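Residue numbers (the working numbering): 390 to 774.
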Amino acid sequence: MTRPFFDYIINGMKNVKTKGRMYICHTYYHVYIAAVKELVIRGSVQDYADIMLSTMSNNFENLKERLEKTGLFKNVYMFDEKEDVTSEEVMKYHKDRGNIILNLLQRIKYTKLLGQLQEEFIPVDLSEYKDVYVFCDSDPIGYYLNYKKIHYHAVEDGLNSGLLDDQARNANKGAFPLKCAMAKMGLIFIESGYSRYCIDYEVNDISVNHKPPKNIVEVPRKQLDEKLSDDDHKVLVDIFLNNPDRLVNALLGKNRADAIENNAKAKVNTKPNVMILTEPLCDLETRKKLFGDIVDDYKENYRVIIKPHPRDLLDYEKEFPEVLVIKDRFPMEVLGDIKGFEVDKIISVITQMDNTYFAKEIVYLGLDFLDKYEDPAIHRKTELL
Numbered sequence: 390m391t392r393p394f395f396d397y398i399i400n401g402m403k404n405v406k407t408k409g410r411m412y413i414c415h416t417y418y419h420v421y422i423a424a425v426k427e428l429v430i431r432g433s434v435q436d437y438a439d440i441m442l443s444t445m446s447n448n449f450e451n452l453k454e455r456l457e458k459t460g461l462f463k464n465v466y467m468f469d470e471k472e473d474v475t476s477e478e479v480m481k482y483h484k485d486r487g488n489i490i491l492n493l494l495q496r497i498k499y500t501k502l503l504g505q506l507q508e509e510f511i512p513v514d515l516s517e518y519k520d521v522y523v524f525c526d527s528d529p530i531g532y533y534l535n536y537k538k539i540h541y542h543a544v545e546d547g548l549n550s551g552l553l554d555d556q557a558r559n560a561n562k563g564a565f566p567l568k569c570a571m572a573k574m575g576l577i578f579i580e581s582g583y584s585r586y587c588i589d590y591e592v593n594d595i596s597v598n599h600k601p602p603k604n605i606v607e608v609p610r611k612q613l614d615e616k617l618s619d620d621d622h623k624v625l626v627d628i629f630l631n632n633p634d635r636l637v638n639a640l641l642g643k644n645r646a647d648a649i650e651n652n653a654k655a656k657v658n659t660k661p662n663v664m665i666l667t668e669p670l671c672d673l674e675t676r677k678k679l680f681g682d683i684v685d686d687y688k689e690n691y692r693v694i695i696k697p698h699p700r701d702l703l704d705y706e707k708e709f710p711e712v713l714v715i716k717d718r719f720p721m722e723v724l725g726d727i728k729g730f731e732v733d734k735i736i737s738v739i740t741q742m743d744n745t746y747f748a749k750e751i752v753y754l755g756l757d758f759l760d761k762y763e764d765p766a767i768h769r770k771t772e773l774l
């Protein structure tokens, strides 16, 4: 059953769905998971899927054209999602009135107005889809679905994102049960499974989530990956990498494997590869210090590769000219879809990389490491609940 049975009884045939699935994405990772899910099920379903890319916080460059070329999705829509700060009318109802009752009363209005704000920018009628999957429903699209009374499936923003951030509770501190009750009535909106119109909240691993909602469901990403065929992996590479051969040569060094085999160390750098994943942590100066320290720890014994986060604005080529910086925009997971590709070690501060199968070793530096550079209260939100 793809939507609540009683909603169908109450609203009758006027709400019969004529389209298949819609995936609403805000990041490359979201698109990657949507593509994997669709590849896994496309042989067992008859209807088609569409995908919508929000441009609110991400530059997808020519991803739309690459998606269309593969034919995995019937339609690829771009969505000019609007933040609350773009509307003075909406922001009038986003102020602290100094009283929880007054704050909740104005939040009812805020919820409705933020949903209404999206209406003219939605490129397709979402009520026509049998299943709507939304990554990061805390963004304005969640408010729109609440406003239009459209049932949907919420999907976790990032892999195991609930491990470090109980987003719903962190955004709704104080009187959480009361706010949940209001959300279940559709008066206000709460993300990650608490909305009246959220059918379920899909995550990779339930056990890492703190106090999850009752409608949480587990869909392990590793199990999805194991169902992909060689052709499926090629589709993913075609979607996310403009030139995979160029990228692999850049990452591993041209003819590096031959050099190692022939012991031709004078011709090419044969150090093992370490890939550092950056994240938009701290302010820019602190971030430069943080990742500079990581580079210093590995540069003597490893060939250092930096993969900047899509939202990281630090110029790593300028700051660290001695390392290889991969500036291509793609989800890290797709490197595992390149047959035979491996790196020796991946370094991550807090990003969960459990589904990165191309690395021999994954090193999580963790919150204790981040504590050295930033006030723990900023990044240990869930622990403070």
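We treat Cβ as the ideally placed atom computed from N, Cα and C, and that holds for glycine.
Every value quoted in this text rests on a predicted model; they were computed, and no experiment measured them.
1. For D682, count neighbouring C-beta atoms within 10 Å of its own C-beta (all shown protein chains included) and say buried if the count is 16 or more, exposed if not.
2. When you compare only the Cα positions, how much space is there between K656 and T667?
3. Are D554 and S446 closer than 9 Å when you measure CB to CB?
4. Within its chain, find whatever has a CB closer than 6 Å to the CB of D589; leave out the 5 residues flanking it on each side and keep chain order.
5. From N644 to E457, what does the alpha carbon distance come to, in whole angstroms?
6. Quick check on D720: buried or exposed, where buried means 16 or more other Cβ atoms within 10 Å of its Cβ?
7. At the level of alpha carbons, what is the spacing between L502 and F730?
8. Do V732 and L636 have their C-beta atoms closer together than 9 Å?
9. Am I right that I694 and P633 are in contact with their C-beta atoms under 8 Å? What's the rounded C-beta distance?
10. Pick helix, strand or coil for S332, following the three-state DSSP scheme.
11. Please state if the CB of D627 and the CB of T459 are separated by a distance shorter than 9 Å.
12. For K808, does the three-state DSSP call read helix, strand or coil?
13. Exposed or buried, which one is V479 when buried takes at least 16 other CB atoms within 10 Å?
14. Considering G409, what are the terminal residues of the beta strand (DSSP E) in which it resides?
15. Since V465 is in the alpha helix (DSSP H), which residue starts that stretch and which ends it?
16. Thinking just about the alpha-carbon of each residue, which of P601, S516 and Y536 is nearest to the one in K781?
17. Helix, strand or coil: how does DSSP classify K538 here?
18. Please list, in chain order, all residues of the same chain as D469 whose beta carbon is under 7 Å from its beta carbon, the five residues on each side excluded.
19. Which residues in the same chain have their Cβ closer than 6 Å to the Cβ of I751, if we skip the five residues on either side of it in sequence?
20. Quick check on the burial criterion: 16 or more other C-beta atoms within 10 angstroms. Buried or exposed for P512?
21. Mind listing, in chain order, the continuous beta strand (DSSP E) runs of no fewer than 3 residues lying wholly within the region 654-723?
22. Please state the DSSP three-state secondary structure of I735.
23. Would you check if the region 561-573 and the region 609-616 touch, i.e. whether three or more CB-CB distances between them fall below 8 Å?
24. How is L442 classed by DSSP in three states: helix, strand or coil?
25. Looking at C-alpha atoms only, which residue of P609, D685, K678 and Y536 is the closest neighbour of V425?
26. List the endpoints of the continuous beta strand (DSSP E) containing V606.
27. As an exercise, report each continuous alpha helix (DSSP H) stretch of at least 4 residues that is fully enclosed by the region 463-511, in chain order.
28. Taking the alpha-carbon positions, what's the V738 to H768 distance?
29. Who are the Cβ neighbours of F449 in its own chain at under 7 Å, not counting the five residues just before and after it?
30. On the DSSP bridge list, what partners appear for E591?
31. Whole angstroms is fine: what's the gap from N549's alpha carbon to N593's?
32. To the nearest angstrom, report how far apart L493 and D526 are at their CA atoms.
33. By DSSP's criteria, V779 is part of a beta bridge. Which residues make up the other side?
34. When the distance is taken between beta carbons, is I440 closer than 9 Å to V465?
35. Buried or exposed: where does N744 fall if 16 or more other Cβ atoms within 10 Å of its Cβ makes it buried?
36. How many angstroms separate the CA atom of M777 from the CA atom of K453?
So, from the listed chains and residues:
1. The count along the sequence shown starts at 1 and reaches residue 682 at position 293. Exposed is the call here.
2. In the sequence shown, the residue the question calls residue 656 occupies position 267. In the sequence shown, the residue the question calls residue 667 occupies position 278. The pLDDT assigned to K656 is 42, lower than 50, so where the model puts this residue is not dependable, and the model offers no usable value.
3. Within the sequence shown, numbered from 1, the residue matching residue 554 stands at position 165. Within the sequence shown, numbered from 1, the residue matching residue 446 stands at position 57. Taking a C-beta distance under 9 Å as the contact criterion, D554 and S446 do not qualify as a contact pair.
4. As a working mapping, residue 589 is identified with position 200 in the sequence shown. Shown here for D589: same chain residues with a beta carbon closer than 6 Å to its own, the five before and five after excluded, namely H542, N604 and V606 in chain order.
5. Numbered from 1 along the sequence shown, position 255 holds the residue referred to as residue 644. Numbered from 1 along the sequence shown, position 68 holds the residue referred to as residue 457. Because the pLDDT at N644 is just 46, under 50, the model does not fix this residue reliably, and the point stays unresolved.
6. Here residue 720 is taken as the residue at index 331 of the sequence shown, counted from 1. Looking at the sequence provided, one finds Pro at residue 720 rather than Asp. Buried, because 16 or more other Cβ atoms sit within 10 Å of the Cβ of P720.
7. For the purposes of this step, residue 502 is taken as residue 113 along the sequence shown, with counting starting at 1. For the purposes of this step, residue 730 is taken as residue 341 along the sequence shown, with counting starting at 1. One C-alpha to the other measures close to 48 Å.
8. Residue numbering aside, residue 732 sits at position 343 when the sequence shown is read from its first letter. Residue numbering aside, residue 636 sits at position 247 when the sequence shown is read from its first letter. Contact flag unset, no.
9. Position 305 of the sequence shown holds residue 694. Position 244 of the sequence shown holds residue 633. About 16 Å; that fails the 8 Å criterion.
10. Because the chain in this structure spans residues 390 to 774, residue 332 falls outside the shown range and cannot be described.
11. Within the sequence shown, numbered from 1, the residue matching residue 459 stands at position 70. Within the sequence shown, numbered from 1, the residue matching residue 627 stands at position 238. In this structure, T459 lies near D627, with their beta-carbon atoms less than 9 Å apart.
12. Lying before the first or after the last residue shown, residue 808 is absent from the chain, which here runs from 390 to 774.
13. Indexing the sequence shown from 1 puts residue 479 at position 90. V479 is buried by the Cβ-count criterion.
14. Within the sequence shown, numbered from 1, the residue matching residue 409 stands at position 20. It spans K408 to C414 - the beta strand (DSSP E) in which G409 sits, taken as one unbroken run.
15. In the sequence shown, the residue the question calls residue 465 occupies position 76. Careful: V465 lies outside any alpha helix (DSSP H), inside the beta strand (DSSP E) at V465 to F468.
16. Here the chain comprises residues numbered 390 to 774, so residue 781 is not present and cannot be evaluated.
17. Counting from 1 along the sequence shown, the entry for residue 538 is found at position 149. DSSP, reduced to helix, strand and coil, places K538 outside both helices and strands of the structure shown, so it counts as coil.
18. Walking along the sequence shown from the start, residue 469 turns up at place 80. Within the same chain, D469 has close Cβ partners T444 and F510.
19. If you number the sequence shown from 1, residue 751 lands on position 362. Cβ contact annotation for I751 (same chain, cutoff 6 Å, sequence separation greater than five): I735 and M742, in chain order.
20. The residue labelled residue 512 in the question sits at position 123 within the sequence shown. Exposed.
21. Whole beta strand (DSSP E) segments, 3+ residues: 662-666 and 692-696.
22. Indexing the sequence shown from 1 puts residue 735 at position 346. DSSP, reduced to helix, strand and coil, places I735 within a strand of the structure shown.
23. No contact exists between the region 609-616 and the region 561-573.
24. For the purposes of this step, residue 442 is taken as the residue at position 53 of the sequence shown. Note: L442 maps to strand in three-state DSSP.
25. One-based indexing of the sequence shown puts residue 425 at position 36. Looking at the Cα atoms, P609 is the closest of the given residues.
26. By 1-based counting over the sequence shown, the position of residue 606 is 217. I605 to E607 is the span of the beta strand (DSSP E), which, as asked, contains V606.
27. Inside the region 463-511, DSSP marks whole alpha helix (DSSP H) runs of 4 or more residues at positions 477-480 and 489-507, from first to last along the chain.
28. The residue you call residue 738 lines up with position 349 of the sequence shown. The residue you call residue 768 lines up with position 379 of the sequence shown. If you draw a straight line from the Cα of V738 to the Cα of H768, it is about 12 Å long.
29. As a working mapping, residue 449 is identified with position 60 in the sequence shown. Counting only Cβ-Cβ distances below 7 Å, and skipping sequence neighbours, we find L442.
30. The residue labelled residue 591 in the question sits at position 202 within the sequence shown. Looking at the DSSP assignment, E591 forms a beta bridge with V544 and V606.
31. To locate residue 549, count along the sequence shown from 1; it is residue 160. To locate residue 593, count along the sequence shown from 1; it is residue 204. Between the alpha carbons of N549 and N593 lies a distance of about 6 Å.
32. Here residue 493 is taken as the residue at index 104 of the sequence shown, counted from 1. Here residue 526 is taken as the residue at index 137 of the sequence shown, counted from 1. Going from the Cα of L493 to the Cα of D526 covers about 20 Å.
33. An answer regarding residue 779 cannot be provided, because it is not within the stretch 390 to 774 covered by the chain.
34. On the sequence shown, position 76 is the one that residue 465 refers to. On the sequence shown, position 51 is the one that residue 440 refers to. A contact, by the Cβ cut-off of 9 Å.
35. Residue 744 sits at position 355 when you count from the first residue of the sequence shown. With 16 or more other Cβ atoms within 10 Å, it is buried.
36. Examination of residue 777 is not possible in this model, given that the chain is present from 390 through 774 alone.
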